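Contents: one structure, followed by commentary.
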Amino acid sequence: MKVKTKETVVAWWMVLPALLVISIIAFFPLFKTFYDSFYESSLRPDIEKKFVGFQNYIELFKDDRFIAALKTTIIFTIVSVALETAFGLLIAIVVNQPFKFRGVVRVAMLIPWAIPTAISSQMWKWMFNDQGGIMTKLLESLHLIEPGVPILGLPNTALWAIIAVDVWKTTPFMALLILAGLQLVPEELYEAARIDGAGVMQRFTKITIPMLSSTIAVALIFRTLDALRVFDVVFIMTRGSVGTETLAVYNRVLLMDRAFTGPWFGYGSALSVIIFLLISIFAIIYIKSLKLKLD
Amino acid sequence: MKKLFLVSLLLVLSVVTFAASRVTITMTAGAVGKELEVLYSQLDVFMKQNPNIKVSVMPMPNSSTERHDLYVTYLASGEKEPTVLMLDVIWPAEFAPYLEDLSADKDFFELNKFLPGTVKAATVGGKIVAIPWFTDAGMLYYRKDLLEKYGFKNPPRTWDELVTMAKTITAKEKNIQGFVWQGARYEGLVCDFMEYLISFGGDVLDDDGNVIVNSPAAVKALQFMVDMIYTHKISPQAVTTYMEEEARRAFQNGQAVFMRNWPYAWALLNDPKESKVAGKVGVAPLPAGPSGKSAATLGGWMLGINKNASSEEKEAAKKLVKFLTSYDQQLYKAVNAGQNPTMMDVYKDPSLKKAAPFMVELYGMFINAAPRPRTAKYSEISDVIQKHVHAALTKQTTPQKAIEEMAKELNKVLGK
C-alpha cells in the first residue's frame with residue numbers, strides 16, 4: 000500500500016512539467032480570451048478598458064457580417080469534410096488492395112497534403128486566374144463557364160473553388176488515416192463472412208464500416224476542427240471577398256486591422272470564443288454519435 | 000603568467016568598451032522590385048560613415064496588409080525592435096501612440112524642403128511622427144504605339160475619351176482588353192475608387208471629418224466604374240480580382256491598352272527582357288471626370304522611430320532616417336529603384352530627368368496627389384469602402400445602394 004502512494008507521488012511529479020506546459024500554452028490563453036470577451040477594450044493605450052458583460056456576444060449576433068461568416072464557415076465545413084471523407088475512404092480502400100507500384104501510388108497520393116497550404120493556395124489562385132489559368136482554360140473548354148468569367152471574383156463560384164482546393168489538399172490526410180484503420184481490420188473476419196455467404200456490399204457495411212468507425216471519428220474530428228477555423232486558403236485566394244469570408248478571416252480583421260483603431264479587441268475575443276464553442280459542439284456530437292471512448 | 004593575465008584583461012576591456020560605443024538598430028524594409036538591393040547598398044555607405052552604428056534589416060512582406068499585421072504584433076507587445084519602421088502613408092494616425100515625436104527635429108530633417116502633402120500625411124494632431132521617404136501617386140499607363148496607330152495624338156484627357164479610345168482599339172485589335180486597374184477587395188481598391196470619386200466631384204470626408212460620400216457625384220463615379228466592366232466592356236470582369244501585379248502582368252504581356260498603376264511599374268514595363276511592351280509605353284495623369292478635375296491618390300512610405308527604443312538607439316535611428324531621406328540618397332533611390340523622391344529639389348536634378356523622365360514631367364501630379372481620409376480609424380473606414388465598392392463591382396448591389404450603405408456605416412464607425 001505504501002509503495003503505491005509513493006508511486007503516485009512520483010507519477011505526479013513526472014506529469015507536472017507536462018501539466019505546467021499545457022496550462023501555460025493552452026489553458027492560460029483560453030482563459031484570457033474568455034476574460035477579454037467580457038470587456039470592451041483595445042490594444043491602443045489611450046482607450047480605456049470597460050466591463051460590458053455579454054454585450055459583445057449580443058452585438059455579434061446582431062452583426063450581419065458575423066452571421067454571413069458563420070454561414071459560410073458551416074457550409075465550407077460540411078461540404079468539404081463530407082467530400083474529403085467520401086474520397087478519402089474510396090482512395091484508402093483502393094490503395095489497401097495489393098497491386099503493382101502500390102508503394103509509389105501511396106507516396107504520390109500524399110503530395111498535395113505535403114505542400115504547405117499557403118503555397119498550394121497561391122498555386123491554385125494562379126490556376127484560377129482569368130488570363131491563362133489552367134483551371135479557367137479547362138472549365139472554358141468544357142463549356143462549364145463562359146470565357147472571361149473570373150472564378151474567384153464571383154459570389155457563386157469563389158466559395159466552391161476554395162472548397163475544391165481544400166478537398167484536393169486534405170483528402171490524402173483522410174485517406175492516410177482511414178488506410179491505417181483498414182489495416183487493423185483482421186482478415187479472418189472477412190474470411191468468416193465469406194464462408195457464411197456475405198456479399199461484397201454486406202461485408203463492407205457490416206464489417207469494414209463498423210470496424211472503421213472510431214478511426215473515421217478521429218479523422219472527422221481533426222478535419223472538422225481544422226475546417227471550422229479555416230483561414231489560410233480563404234485569405235490567400237480571395238481575402239474573404241464575394242461572400243467567402245469565414246469566421247477566422249473576419250476575426251483577423253477585428254484583431255489585426257482594427258487592433259489600434261477602436262475598442263474591437265473584446266469583440267474579437269468574443270468571436271474567438273464562439274469559434275471555440277462551435278468546435279466543441281461539433282466534437283461532442285461526433286463523440287456521442289460514434290460512441291467514441293476517449294479514456 | 001601575470002603578463003598573460005594582463006594581456007587578456009586588456010583584451011576583454013577593449014572588447015567591452017568597443018561594444019559599449021557600438022549601437023545596433025533594426026529597420027523594416029520592403030522588397031518590391033529592386034527596393035531591397037538598393038537599400039543594402041545605401042546601408043553599406045551609412046555604416047562606413049558611422050562605424051559605431053550597425054543596422055540590420057528585417058525584410059517585410061510586400062503586401063501592405065501583412066506588414067500592418069506584423070507591426071500590430073511588434074508594437075502591441077512593447078518591443079523595442081524594430082527601431083526604424085517603414086510606414087504606409089495611411090498608418091501614422093493609427094500607430095502614432097507608438098512612434099517617437101519628431102516635431103523638435105523638424106530642422107534637422109529639413110522638412111521645409113519636402114513635398115507639403117507628404118509632410119501633412121506624417122503629421123498627427125500637430126505632431127510629426129514620421130519622415131516621408133518616397134511618394135507614390137496613381138497614374139495612367141498607355142500603349143503609345145496603339146494610340147498612334149488609330150490616330151489618337153494625345154493620351155485621354157477625360158474618362159469619356161478613355162472609353163472611346165479603348166472601344167475603338169479593342170474592336171480592331173485581337174486579344175486585348177481596354178483598361179486594367181485594381182478592383183480586388185483590398186486597400187488598392189480604395190485608392191482607385193478615390194480617384195474616380197474626386198474626379199467626379201465627390202469625396203469621402205470633408206475637412207472637419209464629416210461623412211460626405213452620399214452624393215450624386217459619388218453614385219455617378221461608382222456607376223462609371225461598374226459601366227466600364229459591364230456596359231462599355233473595356234475592363235475584363237476579372238478586374239474585380241486584380242491587384243497591382245495582376246494588372247501589370249496583363250499590360251506587360253500586351254493584353255491591355257490602358258492601365259492604372261503606381262510609378263514602380265515604369266522600370267519593369269520598360270525592361271526588354273521581361274516585358275513585351277518595352278519602349279511602347281507612355282504615362283499620363285489619370286483622366287479628368289465631369290468636374291474637370293483629375294485626381295491621383297497619394298501613396299508612399301515614411302520612416303518612423305519606435306518609441307520603446309532606448310535613447311541611444313533613437314539617436315542612431317534619427318541619423319539613419321536623416322541619411323536615407325537626404326538629397327543624395329533620395330536621388331540614388333529614385334534612379335535605381337524607381338521610387339519617387341519626397342524632397343522637392345530632387346525633381347530638378349538632371350540625372351533624375353534622364354533615368355525617369357516621367358517623374359519630372361508629372362511633378363505637378365505628384366505634388367497635388369490626393370490623400371486618403373486621415374484618421375486613426377482609417378483601417379475601419381477602408382474596410383467599409385472596400386466592401387461596398389466591391390459589392391457594386393461584382394453586381395451584388397447597385398451603386399446607389401452601395402453608396403447609401405457606405406455612408407451609413409462610415410457614420411457609425413466615426414460615431415456620428
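Top line first, the protein sequences correspond to chains H and V. For the first sequence, numbering that gives the first Met the number 0 gives the first residue as 0, with consecutive numbering after it. For the second sequence, numbering that gives the first Met the number 0 gives the first residue as 0, with consecutive numbering after it. The C-beta atom is built at its ideal place from N, Cα and C for all residues, glycine as well. A quick note: this is a predicted structure, and the numbers were derived from the prediction, not measured.
In the three-state reduction of the DSSP assignment, H/Asn55 falls in the helix class, which pools H, G and I.
As for any alpha helix (DSSP H) of minimum length 4 sitting wholly inside the region 211-237 of chain V, the runs are 215-229, ordered along the chain.
One Cα belongs to V/Leu409, the other to H/Leu219, and the distance between them is close to 42 Å.
Taking 8 Å as the cut-off, the beta carbon of V/Asn305 is found no closer than this to the beta carbon of V/Asp135. Taking all protein chains in view, the Cβ of V/Ala283 is crowded by 16 or more other Cβ atoms within 10 Å, so the residue is classified as buried. In its chain, beyond the 5 residues on either side, Ala174, Ile177, Leu178, Leu181 have a beta carbon closer than 7 Å to the beta carbon of H/Ala91. If you check each beta-carbon in the region 245-274 of chain H against every beta-carbon of chain V, the ones closer than 7 Å belong to Val252, Met255, Asp256, Arg257, Ala258, Phe259, Thr260, Gly261. Under the three-state reduction of DSSP, V/Ala355 is assigned to coil, being neither helix nor strand.
By the 16-neighbour rule on beta-carbons within 10 angstroms, H/Arg43 is buried. Straight across, the Cα-Cα distance linking H/Val104 with H/Leu29 is about 42 Å. V/Val256 places its beta carbon less than 8 Å from that of V/Ala165.
Annotation note: the region 204-232 of chain H contains the following uninterrupted alpha helix (DSSP H) runs of length 4 or greater, listed N- to C-terminal: 208-227.
Within the region 124-176 of chain V, the complete alpha helix (DSSP H) segments of 4 residues or longer fall at 143-148, 158-171, listed in chain order. Interface with chain V (8 Å Cβ-Cβ cutoff): H/Arg228 is excluded.
Annotated three-state conformation of V/Ser290 is coil, per DSSP. Interface flag for H/Pro154 against chain V is set, since a Cβ pair is found closer than 8 Å.
Taking a C-beta cut-off of 7 Å against chain H, the contacting residues of the region 224-238 of chain V are Pro235, Gln236, Ala237, listed in chain order.
Setting aside the 5 residues that flank it on each side, V/Pro81 is surrounded in the same chain by Thr25, Met26, Thr27, Met57, Tyr73, Asn305, each with a C-beta closer than 7 Å to its C-beta; the list follows chain order. Of all residues in the region 92-103 of chain V, only Glu93, Phe94, Pro96 place a beta-carbon less than 7 Å from a beta-carbon of chain H. Per DSSP, V/Pro58 is one residue of the beta strand (DSSP E) stretching across 52-58.
DSSP, reduced to helix, strand and coil, places V/Met46 within a helical segment of the structure shown. Straight-line spacing of the CA atoms in H/Pro111 and H/Ala160 works out to 16 Å.
Inclusion of V/Ala315 and V/Ile127 in the CB contact set at 8 Å is not warranted, their separation being larger than that value.
Taking a cut-off of 8 Å for Cβ pairs, the region 115-124 of chain H and the region 224-233 of chain H touch, as three or more such pairs fall below it.
The beta-carbon separation of H/Tyr249 and H/Leu224, rounded to 18 Å, does not stay under the 8 Å limit for a contact. With respect to chain V, the C-beta atom of H/Val166 has no partner C-beta closer than 8 Å.
Using a Cβ-Cβ cut-off of 9 Å, V/Arg247 is close to nothing in chain H; its nearest Cβ partner there is about 12 Å away. Between V/Met358 and V/Lys112, the gap from beta carbon to beta carbon reaches 8 Å or more.
Within its own chain, the residues whose Cβ lies closer than 6 Å to the Cβ of H/Glu139, once the five positions on either side in sequence are excluded, are Pro146, listed in chain order. For V/Val71, the C-beta contacts it makes with chain H under 9 Å involve Leu42, Leu254, Met255, Asp256, Ala258, Phe259, in order along the chain. By a beta-carbon distance limit of 8 Å, V/His389 contacts V/Thr239. Their separation comes to about 7 Å. For V/Arg259, the enclosing beta strand (DSSP E) starts and ends at 255-260. The Cβ atoms of V/Pro372 and V/Leu221 lie no closer than 8 Å to each other. The beta carbon of V/Asp382 sits closer than 8 Å to some beta carbon of chain H. In this structure, V/Ile168 is the residue among V/Ile168, V/Thr122, V/Gly116, V/Val123 with its C-alpha nearest to the C-alpha of V/Tyr141. Buried is the label assigned to V/Val383, since at least 16 other Cβ atoms lie within 10 Å of its Cβ.
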